[in-house]
Amino acid sequence: MAEGAKWYVVHTYSGYENAVKTSIEKFVVGRNMEDMILRIEIPMETVTEVNEAGVSKEVARKVFPGYVLLKMIMTDETWHLVRNVRGVTGFVGTANKAIPLTDEEVLAMGMETHEVVVKYHIGDHVRIADGPLVGRTGVVEEIEADKDRVTVMISMLGREIPVDLNLDQVEVLG
Numbered sequence: 000m001a002e003g004a005k006w007y008v009v010h011t012y013s014g015y016e017n018a019v020k021t022s023i024e025k026f027v028v029g030r031n032m033e034d035m036i037l038r039i040e041i042p043m044e045t046v047t048e049v050n051e052a053g054v055s056k057e058v059a060r061k062v063f064p065g066y067v068l069l070k071m072i073m074t075d076e077t078w079h080l081v082r083n084v085r086g087v088t089g090f091v092g093t094a095n096k097a098i099p100l101t102d103e104e105v106l107a108m109g110m111e112t113h114e115v116v117v118k119y120h121i122g123d124h125v126r127i128a129d130g131p132l133v134g135r136t137g138v139v140e141e142i143e144a145d146k147d148r149v150t151v152m153i154s155m156l157g158r159e160i161p162v163d164l165n166l167d168q169v170e171v172l173g
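In structure tokens, the structure reads:
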């Protein structure tokens, strides 16, 4: 069932993030719902603070104060469980409808990583496996793994044209 899980944002009273996380974790275990609410996160960052005396120290700080992120399968039961936890003011969304984060938002927050194993190199002959140019072949011109992008030179209308694609849209000709 976990493939239907999405990330949701829960708004809490200020300073209640850890208490909300702990309470939800206890409810999940107590009600045997580990397959419905998979992860509970409070995104943190490490920052260096300098006091008046010029002494610096590293401290952990909440990235989104007043919010807790949940990876869960949204059902009436999970909605009510989370919504009725002390300190929760509601889900981020409209009225009584929680709106999940998009895949791009989840990746940008670093909550999950999208790992693609690149089995080709610059100069390799490849086939486009997905998208409007599926089936066309070309030569890898540039690979930007950190941006999940590859540039492939394809021949179209008698000209060499660069095409910008996602890393997983290309496969090596074999």
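The end of the sequence shown is residue 173 by numbering that gives the first Met the number 0, with every number in the run present.
Here a beta-carbon is modelled for each residue, glycine too, at the ideal position from N, C-alpha and C.
- prompt: When you compare only the Cα positions, how much space is there between T150 and L100?
  reply: In the sequence shown, the residue the question calls residue 150 occupies position 151. In the sequence shown, the residue the question calls residue 100 occupies position 101. Approximately 29 Å between the Cα atoms of the pair.
message: For H10, which residues in the same chain have their Cβ closer than 8 Å to its Cβ, ignoring the five residues on either side in sequence?
response: By one-based count along the sequence shown, residue 10 stands at place 11. Correct list, in chain order: G65, Y66, V87, T88, G89, F90, V91.
query: Would E44 be called buried (16 or more neighbouring beta carbons within 10 Å of its own) or exposed?
result: What you label residue 44 is simply residue 45 of the sequence shown in a count that begins at 1. Exposed, because fewer than 16 other Cβ atoms sit within 10 Å of the Cβ of E44.
field: Residues bridged to E48 (per DSSP)
entry: For the purposes of this step, residue 48 is taken as residue 49 along the sequence shown, with counting starting at 1. Bridge partners of E48: K56.
task: Could you have a look at F26 and say whether DSSP puts it in helix, strand or coil?
output: Here residue 26 corresponds to residue number 27 of the sequence shown, with the count starting at 1. Three-state DSSP puts F26 in a helix.
task: Compare the beta carbon distance of V125 and L172 with 8 Å and say whether it is the shorter of the two.
output: As a working mapping, residue 125 is identified with position 126 in the sequence shown. As a working mapping, residue 172 is identified with position 173 in the sequence shown. Yes, the pair counts as a contact, with Cβ atoms nearer than the cut-off.
- request: Find out if the Cβ-Cβ distance for the pair V162, G137 is shorter than 8 Å.
  value: Here residue 162 corresponds to residue number 163 of the sequence shown, with the count starting at 1. Here residue 137 corresponds to residue number 138 of the sequence shown, with the count starting at 1. Yes, these two residues count as a Cβ contact at 8 Å.
message: Residues in the same chain with beta-carbon distance under 6 Å from A3, minus the five sequence neighbours each way, listed in chain order, please.
response: For the purposes of this step, residue 3 is identified with residue 4 of the sequence shown, where counting begins at 1. Checking the sequence shown, residue 3 turns out to be Gly, not Ala. Cβ neighbours of G3 beyond the five flanking positions: I72.
message: Can you tell me whether E16 is buried or exposed? The criterion is at least 16 other CB atoms within 10 Å of its CB, across all chains shown.
response: Looking up residue 16 in the sequence shown gives position 17. Looking at its Cβ environment, which holds 16 or more other Cβ atoms inside 10 Å, E16 is buried.
message: Please classify L174 as buried or exposed, where buried requires at least 16 neighbouring CB atoms within 10 angstroms.
response: Because the chain spans 0 through 173 in this model, residue 174 falls outside it and cannot be assessed.
field: Residue span of the alpha helix (DSSP H) that contains D75, given as start and end
entry: Your numbering for residue 75 matches position 76 in the sequence shown. Residues 75 to 82.
field: Buried versus exposed call for I160 [16 or more other C-beta atoms within 10 Å across all chains shown]
entry: Within the sequence shown, the letter at position 161 stands for residue 160. Label assigned to I160: exposed.
- prompt: Nearest to M108 by CA position, among I142, V81, D129, P42, is which residue?
  reply: Translated into the one-based positions of the sequence shown, residue 108 becomes position 109. With distances taken between Cα atoms, M108 lies closest to P42.
Cβ neighbour criterion (16 or more within 10 Å) applied to S13: If you number the sequence shown from 1, residue 13 lands on position 14. S13 is exposed by the Cβ-count criterion.
message: Classify S154: buried if its beta carbon has 16 or more other beta carbons within 10 angstroms, exposed otherwise.
response: Taking the sequence shown and counting its residues from 1, the one referred to as residue 154 is at position 155. With fewer than 16 Cβ atoms within 10 Å of its Cβ, S154 is classed as exposed.
task: Within 10 angstroms of the Cβ of K25, are there 16 or more other Cβ atoms? Answer buried if so, exposed if not.
output: Residue numbering aside, residue 25 sits at position 26 when the sequence shown is read from its first letter. Classification for K25: exposed.
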